[in-house]
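Novice: Same order as they appear, the protein sequences are chains A and B.
Per the numbering used here, the first sequence starts with residue 1, numbered consecutively.
Per the numbering used here, the second sequence starts with residue 1001, numbered consecutively.
Below you will find the structure I want to go over with you.
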Amino acid sequence: MYTQALNTSDGEDRGVEDAAQAARFQARIDAEERIEPNDWMPAAYRKTLLRQISQHAHSEVVGMLPEGNWITRAPTLRRKVALLAKIQDECGHGLYLYSAAETLGSSREEMVDALLAGKAKYSSIFNYPTLTWADIGTIGWLVDGAAIMNQIPLCRCSYGPYARAMIRVCKEESFHQRQGYEIMLTLCRGSAEQKAMAQDALDRWWWPVLMMFGPPDQVSQHSDTSTKWKIKRFSNDELRQKFVDATVPQAQFLGLTVPDPGMKQDAEGHWRYSEIDWDEFKQVLAGNGPCNRDRMAARRKAHDDGAWVREAAAAYAEKRQARQHAQAAE
Amino acid sequence: MATPSIKISETPLVLHVLRRADDALILGHRLSEWCGHAPMLEEDMALTNMALDLIGQARELYSYAARIEGKDNDEDKLAYLRDERQYRNLLLVEQPNGDFARTIVRQFFYSVFADLYWRAMMRSGDATLAAIAAKSEKESAYHVRHSSEWIVRLGDGTEESHARAQAAIEYLWAFTGEMFEVGDDERGLIDAGIAVDAGKLRAQWLKIVSGIAAEATLTLPSNDWMQKGGRAGRHSEHLGHLLSELQMLQRSFPGATW
């Protein structure tokens, strides 16, 4: 569903490589050429992308959990089917993204192990709980909406497999966003109780969604190299502002109030939001969000409970191959 | 305040359609509980696909049941506003997921039956049921393939997977007899060429299931004592919990549109 600018710093290992190769690489990037898996690339470019794509894949998979919390309680059969199909899409995104990341030289198993060991990150937003049905509408509307804002530019990312994965992912996300908004519209046109449910969900999700775009530009550590490599084309604050400008009129149309009493529209028409509570963001990233422990526990349980199944599939495939060899030898 | 259950005019045809709809919904619901928790992402996709197929079948069947009943009911009222005793699904499909082996064995037993059933129903004299059968058969054929492949992998995989698959077969076996039960109220429909005599599908079901079990080095129980009651609305303790979750919002917000 979403990748987040987490700006965790790595030791840069550029400079040890051939300067001429590096210059040729940068010239290709500048000419808007796509870099493909077998092409030469700086080690730091590979590392940055591997971190970003794997975090994105983990986010898709962990992101199945908060919405999955409402599958069995969806209020109509149509909503149940739509929610299941949406979560299945997220699972599919996880699969393409792990595949895209594998082209950089890490296996899915290694990436999943890093997630389960708590070494890899996923988007902070999935550490918040889904408490009512309106949260399902809000996630589609705002979380998928924020993801689209971030991912549309990634369709032009310099790394070919990631850019191509993003094209398909964005199409599906935009469908999810409309679906989420339609849930909100139905609630807002419903009973007073339903509308209050919608407002409560917006109140709880608004600020965490703004945090999805990552830290403010003045403290962002990695944007420069990512921008030079055309992995990132807009800054965190630029994307956040674009999202707020697009979303405020949608909230107004629903008759909902954005929970930011200080918000004002400036002379250029931009909706200027108040200070974001970056301490909360840091706490959630540090593992102290309301659901961090539950999310990781659920992923670990699925992985551990599934171990015997994966072993059985591998053992069977091996036996079958051995039998085929034996038959061929006869 | 809570929304009370609806009343159904249970004519033989309405009952017949509801039984099939309830099977599909309850099994689809059970499969949907796996979403996000499966042993691997590929299987998460596959289990969700089967859940989507089954809930899709349930929607068509409920809509048709509501239409022939000719009252004010619709797919959601039938799914969300009937209580446990009004549900007519097989006991097999309401059994909890258990481990992956139990989920797969449950799917395998049901899908082999459903595929035979839908294939026969494609010749139903009721044009709507014949059309639903044609669509459902394509889906159940895939479910048979997917679950059979897993039965073989688990049975002939590791010692642990074999033991789990064998235990699942033994646990679920007593729920298979009910699939072939024919209610007195269904006789007229069978004679009229609208419904299929499920009892006549048993031999073929057993042949297919035995074949796959043998390939998987698994043994079918010789015990032929069978648990029944679902078709008459007498369920296991598990269904009530499932319905309390499924129906939560519709029951708590009377008359709301979602």
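Cβ coordinates follow ideal geometry from the N, Cα and C atoms, glycine included.
1) For W1258/B, which of helix, strand or coil comes out of DSSP?
2) Is W1150/B near the ligand COA, in the sense that its beta carbon is under 7 Å from a heavy atom of that ligand?
3) Identify each residue in the segment 1214-1240 of chain B for which the Cβ-Cβ distance to at least one residue of chain A is less than 8 Å, and report them in chain order.
4) Along the chain, where does the alpha helix (DSSP H) containing W206/A start, and where does it finish?
5) Is P1039/B close to chain A? Criterion is C-beta to C-beta, closer than 8 Å.
6) Rounded to a whole number of angstroms, what is the C-alpha to C-alpha distance between A1024/B and I1055/B?
7) When you compare each of L1015/B, K1135/B, S1148/B and Q1247/B to E1060/B by their alpha carbons, which one comes out closest?
8) What's the C-alpha gap between D1224/B and A1216/B?
9) Taking 8 Å as the threshold (C-beta atoms), are F1109/B and T1176/B in contact?
10) Under the rule that 16 or more other beta-carbon atoms within 10 Å means buried, what is D89/A, buried or exposed?
11) Determine the chain B residues that contact Q194/A at a beta-carbon separation under 9 Å, and present them in chain order.
12) Residues of chain A with CB closer than 8 Å to the CB of M1050/B, please, in chain order.
13) For W271/A, which three-state DSSP category applies?
14) Relative to the C-alpha of L372/A, which residue among A20/A, S59/A and W40/A is closest?
15) Mind checking who Q241/A pairs with in its DSSP beta bridge?
16) Look up G265/A in the DSSP assignment and give the residues it is bridged to.
17) Roughly how many angstroms lie between the CA atoms of L1246/B and E1084/B, to the nearest whole one?
18) Taking 8 Å as the threshold (C-beta atoms), are G140/A and G180/A in contact?
19) Identify, in the order they occur along the chain, each residue of the same chain with its Cβ nearer than 7 Å to the Cβ of L239/A, setting aside the five sequence neighbours on each side.
20) Given that E1033/B touches chain A, what residues does it touch there, using C-beta distances under 7 Å?
21) In terms of alpha-carbon separation, which member of W1034/B, A1168/B, S1111/B and E1178/B lies closest to I1208/B?
22) Hey, would you say L97/A sits closer than 8 Å to L50/A, going by beta carbons?
23) Which of helix, strand or coil does DSSP assign to Y1087/B?
24) In the segment 89-120 of chain A, which residues sit with their C-beta less than 7 Å from some C-beta in chain B, listed in chain order?
25) For the alpha helix (DSSP H) that contains G68/A, what are its first and last residues?
26) Tell me the DSSP bridge mates of I35/A?
27) With Q151/A as the anchor, note down where its alpha helix (DSSP H) starts and where it stops.
28) Within 8 Å (strictly less), CB to CB, does K80/A reach chain B?
29) In the structure shown, what three-state DSSP assignment does D1115/B receive?
30) Taking 8 Å as the CB-CB limit, is R46/A close to chain B?
31) Run through chain A and tell me which residues come within less than 7 Å of R1059/B, C-beta to C-beta.
32) Are the beta-carbon atoms belonging to W1150/B and A1133/B less than 8 Å from one another?
33) Would you check if the distance between the CB atom of Y122/A and the CB atom of V209/A is smaller than 8 Å?
34) Count the CB pairs spanning the segment 252-265 of chain A and the segment 224-235 of chain A that are closer than 8 Å, and state whether there are at least three.
35) Just mark L1243/B as buried or exposed, buried being the case when its beta carbon has 16 or more other beta carbons within 10 Å.
36) For I1026/B, count neighbouring C-beta atoms within 10 Å of its own C-beta (all shown protein chains included) and say buried if the count is 16 or more, exposed if not.
Specialist: With the given structure in hand:
1) By 1-based counting over the second sequence, the position of residue 1258/B is 258. It is coil, neither helix nor strand.
2) You won't find the ligand COA in this model; it holds no ligand whatsoever.
3) Taking a C-beta cut-off of 8 Å against chain A, none of the residues of the segment 1214-1240 of chain B qualify.
4) For the purposes of this step, residue 206/A is identified with residue 206 of the first sequence, where counting begins at 1. For W206/A, the uninterrupted alpha helix (DSSP H) segment begins and ends at A192 to M211.
5) Numbered from 1 along the second sequence, position 39 holds the residue referred to as residue 1039/B. With 8 Å as the cut-off, P1039/B counts as an interface residue toward chain A.
6) For the purposes of this step, residue 1024/B is identified with residue 24 of the second sequence, where counting begins at 1. For the purposes of this step, residue 1055/B is identified with residue 55 of the second sequence, where counting begins at 1. Counting only the Cα atoms, I1055/B lies some 6 Å from A1024/B.
7) As a first step, residue 1060/B must be located in the second sequence, where it is residue number 60. When only C-alpha atoms are compared, the closest one is K1135/B.
8) Position 224 of the second sequence, counting from 1, holds the residue named residue 1224/B. Position 216 of the second sequence, counting from 1, holds the residue named residue 1216/B. Taking the Cα positions, D1224/B is about 21 Å away from A1216/B.
9) Position 176 of the second sequence holds residue 1176/B. Position 109 of the second sequence holds residue 1109/B. At a Cβ-Cβ threshold of 8 Å, T1176/B and F1109/B count as neighbours.
10) Your numbering for residue 89/A matches position 89 in the first sequence. Its Cβ being crowded by 16 or more others within 10 Å, D89/A is buried.
11) Taking the first sequence and counting its residues from 1, one reaches residue 194/A at position 194. Contact note: Q194/A reaches chain B through F1253, A1256, T1257 and W1258, using a C-beta cutoff of 9 Å and chain order.
12) Here residue 1050/B corresponds to residue number 50 of the second sequence, with the count starting at 1. Correct list: empty, because the minimum Cβ distance to chain A is about 11 Å.
13) Counting from one through the first sequence, the residue named residue 271/A turns up at place 271. Residue state, collapsed to three classes: strand.
14) Outside the shown range of chain A (1 to 330) lies residue 372/A, about which nothing can therefore be said.
15) Residue mapping note: residue 241/A aligns to position 241 of the first sequence, counting from 1. Answer by DSSP bridge pairing: none, since Q241/A is not bridged.
16) Here residue 265/A refers to the residue found at position 265 when the first sequence is read from its first residue. It is worth fixing the name first, because residue 265/A is Gln in this sequence and not Gly. Per DSSP, the beta bridge partners of Q265/A are W271/A.
17) Working through the second sequence from its first residue, we reach residue 1246/B at position 246. Working through the second sequence from its first residue, we reach residue 1084/B at position 84. Our two residues, L1246/B and E1084/B, have alpha carbons roughly 12 Å apart in a direct line.
18) By 1-based counting over the first sequence, the position of residue 180/A is 180. By 1-based counting over the first sequence, the position of residue 140/A is 140. The answer is yes: Cβ separation under 8 Å.
19) Numbered from its first residue, the first sequence carries residue 239/A at position 239. Only residues of its own chain outside the window of five on either side were considered, and among them M149, N150 and F213 have a CB closer than 7 Å to the CB of L239/A, listed in chain order.
20) For the purposes of this step, residue 1033/B is identified with residue 33 of the second sequence, where counting begins at 1. Chain A residues near E1033/B: T72.
21) As a first step, residue 1208/B must be located in the second sequence, where it is residue number 208. Ranking W1034/B, A1168/B, S1111/B and E1178/B by CA distance to the CA of I1208/B puts S1111/B first.
22) Start at 1 with the first residue of the first sequence, and residue 97/A comes out as number 97. Start at 1 with the first residue of the first sequence, and residue 50/A comes out as number 50. No, they are not a contact pair.
23) The residue labelled residue 1087/B in the question sits at position 87 within the second sequence. Reduced to three states, the DSSP call for Y1087/B is coil.
24) Residues of the segment 89-120 of chain A with a Cβ closer than 7 Å to any Cβ of chain B, in chain order: C91, G92, G94 and L95.
25) Within the first sequence, residue 68/A is the residue found at index 68, counting from 1. Looking at the DSSP string, the run of the alpha helix (DSSP H) that includes G68/A is M64 to G68.
26) Counting from 1 along the first sequence, the entry for residue 35/A is found at position 35. Partner(s): Y159/A.
27) Translated into the one-based positions of the first sequence, residue 151/A becomes position 151. For Q151/A, the enclosing alpha helix (DSSP H) covers residues D144 to Q151.
28) Looking up residue 80/A in the first sequence gives position 80. Proximity of K80/A to chain B, defined by a Cβ-Cβ separation below 8 Å, is satisfied.
29) Position 115 of the second sequence, counted from the first residue, corresponds to residue 1115/B. In the structure shown, D1115/B falls within a helical segment according to DSSP collapsed to helix, strand and coil.
30) As a working mapping, residue 46/A is identified with position 46 in the first sequence. Output row for R46/A: interface = no.
31) Within the second sequence, the letter at position 59 stands for residue 1059/B. The answer, in chain order, is L77.
32) Locating residue 1150/B in the second sequence gives position 150, counting from the first residue. Locating residue 1133/B in the second sequence gives position 133, counting from the first residue. It is not a contact, given that the beta carbons lie outside the stated cut-off.
33) As a first step, residue 122/A is located in the first sequence; it is residue number 122 there, counting from the start. As a first step, residue 209/A is located in the first sequence; it is residue number 209 there, counting from the start. Not a contact, by the Cβ cut-off of 8 Å.
34) At 8 Å Cβ cutoff, the stretches do not touch.
35) The residue you call residue 1243/B lines up with position 243 of the second sequence. Per the 10 Å Cβ criterion, buried.
36) Counting from 1 along the second sequence, the entry for residue 1026/B is found at position 26. If you draw a 10 Å sphere on the C-beta of I1026/B, you find 16 or more other C-beta atoms in it, and that means buried.
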